[in-house]
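Asks:
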Amino acid sequence: MSILFLTKEESPDDGLWLEHLLEVLSSSICAVGADPLLRKIKYPKRVSLFNLGKGFNPLMAPLCWLPLPFLKPAGCSGIQRLKKEIAHPDTGLVFIPFLDLAVKYEEILLESEKPVFIYCTGRDVMWQSRYHYLPLCERYAPDYPEKVKRLARKATMIACSRFVRMQLMHRGIEKEKIVLCQGGIGVPEMCPERTGRKGPLQILYLDRLVDYKGPDQIIRIFDLACDKGLDAELILAGDGPMRVECERLRMKVNSRDRIHMPGLVTGNEAEDLFWKADLYTSHHRLGIVSQEEDGMGSGILRAMARGLPVISTNSGAVPEIVAHGRSGILVDPGDINGHAEALVRLYRDEELRLLMGKMSWKRVQENFNGRQKDAELRQVLGLSS
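Here it is, written out as structure tokens:
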């Protein structure tokens, strides 16, 4: 069965994830439509590529759902091409890795007789989501929830986590229309060997600097933990809308000289940071501005796959990834003191820290192995493994 794969322009972090999906499904993809075509994405060879639209200026995004023709990014040629590709005899199903993109082309998808599969990743199931740079503007139009419900009557909704599945159910989508297919990640065949640390502990945060992952909270927590006796350095790597705020906060705390912010890092630089780190931390929560929670926890999965213990929170998909007391320690969102004490605990208990790191690798190997999850996705779509 051949796939019509529809995608869109999203944050830089989604580039690798999209490339992986395209690679996993490449042998079955007949055409790719993007809104717009992404220059940095490596598309499968020998497939038909077409542009769904011209994209849009992010500053105009909050207004795109208003009934004003000049704000609509999709052109007639893109719409006609989409209808043509869906109706093409070679197209067996339509796969869309973003629910909000599916909503954008809801009418066309509902008119089609072809099966539709929509992969839901987190933000797209949070109706109240807002823009970091325009916090008074809701990300989705008022009729977004109703359009999702109409789509769900025809399409199969694929949830990337139990948390996302629960969000869909809370919003009126029938459980029978939702398939759980958790995200996976490549895992080393053997657990990376880590030895005792000589010198300051290396604590790593490597993810988007967004409010629902709590990078600002991590700075406060680290500073408090240092007051409690922690001898460590914090590497806060990544980029995002909270970059400037985090840099300003860093300059205000007593432990500023122990906090390093290298910004956006390359793949090789990320691997080096993972290898040098002793533990990974984040403070996931419901974003005050974005009104989002993390539905995938990909940053945490990457760290666990490399044998790092995790200290984080009971928010979003994190509790289904980190086994509290085994592969890491989880506290309630907002529990700054509890989080700081957990850092000090793993700093002082090297044996427990190393054991939790091994259990992290084992948990990802057994439950979030990329090869296994890729095969599950192909099975959900009715493709041969």
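Residue numbers for the sequence shown follow this note's numbering, so the first one is 224 and each next one is one higher.
Glycine included, each C-beta is placed from N, C-alpha and C at the ideal position.
In whole angstroms, what is the alpha-carbon distance linking residue 509 and residue 434?
Replies: Computed Cα separation, rounded: 8 Å.
Asks: Whose CA, out of 531, 460, 418, 367, lies closest to the CA of residue 581?
Replies: Nearest option by C-alpha distance: 531.
Asks: Compute the Euclidean distance between the alpha carbons of residue 402 and residue 420, then round it to the nearest angstrom.
Replies: Answer to the nearest angstrom: the Cα atoms are 43 Å apart.
Asks: Could you please give the first and the last residue of the uninterrupted alpha helix (DSSP H) stretch that includes residue 585?
Replies: Element bounds for residue 585: 573–590.
Asks: In three-state DSSP terms, what is residue 382?
Replies: It is a strand residue.
Asks: For residue 229, count neighbouring C-beta atoms within 10 Å of its own C-beta (all shown protein chains included) and say buried if the count is 16 or more, exposed if not.
Replies: It is buried - the Cβ of residue 229 has at least 16 other Cβ atoms within 10 Å.
Asks: What is the rounded straight-line gap between the Cα of residue 321 and the Cα of residue 519?
Replies: Going from the Cα of residue 321 to the Cα of residue 519 covers about 13 Å.
Asks: Please classify residue 164: does DSSP put it in a helix, a strand, or coil?
Replies: Outside the displayed span of the chain (224 to 608) sits residue 164, for which this structure offers no information.
Asks: For residue 561, which residues in the same chain have their Cβ closer than 8 Å to its Cβ, ignoring the five residues on either side in sequence?
Replies: Counting only Cβ-Cβ distances below 8 Å, and skipping sequence neighbours, we find 554, 555.
Asks: Within this structure, are the beta carbons of residue 583 and residue 541 separated by less than 8 Å?
Replies: No, the Cβ-Cβ distance between residue 583 and residue 541 is not below 8 Å.
Asks: Between the C-alpha atoms of residue 349 and residue 319, what's the straight-line distance to the nearest angstrom?
Replies: Going by the C-alpha atoms only, they are around 17 Å apart.
Asks: Looking at residue 438: is its Cβ nearer than 8 Å to the Cβ of residue 428?
Replies: Cβ atoms of residue 438 and residue 428: closer than 8 Å.
Asks: Is any beta-carbon of chain B found at less than 8 Å from that of residue 583?
Replies: The structure shown contains no chain B, having only a single protein chain.
Asks: Using a Cβ-Cβ cutoff of less than 8 Å, which residues in the same chain neighbour residue 454 once the five nearest sequence positions on both sides are dropped?
Replies: Closer than 8 Å at the Cβ level, and outside the excluded window around residue 454, lie 423, 424, 570.
Asks: Which stretch, first to last residue, makes up the alpha helix (DSSP H) that contains residue 440?
Replies: Unbroken alpha helix (DSSP H) run through residue 440: 438–450.
Asks: Could you give the residue range of the alpha helix (DSSP H) that holds residue 274?
Replies: First-last for residue 274: 271–274, but that is the beta strand (DSSP E), not the alpha helix (DSSP H).
Asks: With 16 other CB atoms within 10 Å as the buried threshold, where does residue 450 fall?
Replies: Exposed, because fewer than 16 other Cβ atoms sit within 10 Å of the Cβ of residue 450.
Asks: Which of the three DSSP states, helix, strand or coil, is assigned to residue 415?
Replies: It is coil, neither helix nor strand.
Asks: Taking buried to mean at least 16 other C-beta atoms within 10 Å of its own C-beta, is residue 339 buried or exposed?
Replies: Result: buried.
Asks: What does the Cβ neighbour count give for residue 418, buried or exposed, with the cut at 16 atoms within 10 Å?
Replies: Exposed: under 16 other Cβ atoms inside 10 Å.
Asks: Quick check on DSSP: helix, strand or coil for residue 522?
Replies: Note: residue 522 maps to helix in three-state DSSP.
Asks: Assuming residue 566 contacts residue 426 (C-beta within less than 8 Å), just tell me the rounded distance between them.
Replies: Yes, residue 566 and residue 426 are in contact; Cβ-Cβ is about 7 Å, under 8 Å.
Asks: What does a CB cutoff of less than 6 Å around residue 538 pick up in its chain, not counting 5 residues either side in sequence?
Replies: Cβ within range, chain order: 507, 508, 516, 556.
Asks: For residue 310, count neighbouring Cβ atoms within 10 angstroms of its own Cβ and tell me buried if that reaches 16, exposed if not.
Replies: Counting Cβ neighbours within 10 Å, residue 310 comes out exposed, since fewer than 16 surround it.
Asks: Quick check: what's the CA-CA separation for residue 288 versus residue 334?
Replies: In this prediction, residue 288 has a pLDDT of 49, which is less than 50 and means its spatial position is unreliable; what the coordinates show is noted afterwards. Using only the alpha carbons, I get a separation of about 21 Å.
Asks: Assuming residue 305 contacts residue 256 under a Cβ cut-off of 8 Å, what Cβ separation, rounded to an integer in Å, is found between them?
Replies: Contact holds; Cβ gap of about 6 Å.
Asks: Helix, strand or coil for residue 326? Go by DSSP, reduced to three states.
Replies: Helix.
Asks: Rounded to whole angstroms, what is the Cα-Cα separation between residue 362 and residue 276?
Replies: Near 19 Å, if we compare the C-alpha coordinates of residue 276 and residue 362.
Asks: Quick one, are the C-beta atoms of residue 609 and residue 512 less than 8 Å apart?
Replies: What the structure shows of the chain is the stretch from 224 to 608, and residue 609 is not part of that stretch, so it cannot be assessed.
Asks: Could you check whether residue 406 and residue 300 sit closer than 8 Å to each other, using their CB atoms as the reference points?
Replies: In this structure, residue 406 does not lie closer than 8 Å to residue 300 by Cβ.
Asks: Classify residue 452 as buried or exposed, calling it buried when 16 or more other Cβ atoms lie within 10 Å of its own Cβ.
Replies: That one is exposed.
Asks: Please list the terminal residues of the continuous alpha helix (DSSP H) segment that includes residue 368.
Replies: Residues 367–377.
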